[in-house]
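These notes concern the structure reproduced below.
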Amino acid sequence: MPTPPLPHDPQPQPPNKPGNDECCHSGCTFCVLEMYQEDLAAYEDALRAWQQRQQAAAAPVTQGVKKPRKRA
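Our numbering puts the first residue of the sequence shown at -7, with every later residue one more than the last.
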């Protein structure tokens, strides 16, 4: 069962993919397809970082906890 996301750390959302008719294919300086690729790369980086934070938060806290001693 997956661990629910931390309430104060929502999962990043992917950028909206532009439609086929949104690019004019004339080499615009700010091409919607290039901007989408940049946004997608930033989203993927943010998602990886978010997943690492979620895994770290879900990991059992064992550092500094001593094992119980056996009774004689």
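Ideal Cβ placement from N, Cα and C applies to all residues, glycine included.
Notebook entry, point to check: If you run the structure through DSSP and keep just helix, strand and coil, what is residue 40?
Noted result: Here residue 40 is taken as the residue at index 48 of the sequence shown, counted from 1. Per DSSP, reduced to three states, the secondary structure at residue 40 is helical.
Item checked: Inter-stretch contact (C-beta, 8 Å, three-pair minimum) for the region 1 to 15 and the region 32 to 39 -> Enough Cβ pairs lie closer than 8 Å, so yes.
Next item on the list: Determine the DSSP secondary structure at residue 3, reduced to helix, strand or coil.
Entry: Residue mapping note: residue 3 aligns to position 11 of the sequence shown, counting from 1. Residue 3 falls in the coil class under three-state DSSP.
Check: Any idea what DSSP makes of residue 13, helix, strand or coil?
Finding: Reading the sequence shown from its first residue, position 21 is the one you call residue 13. It is coil, neither helix nor strand.
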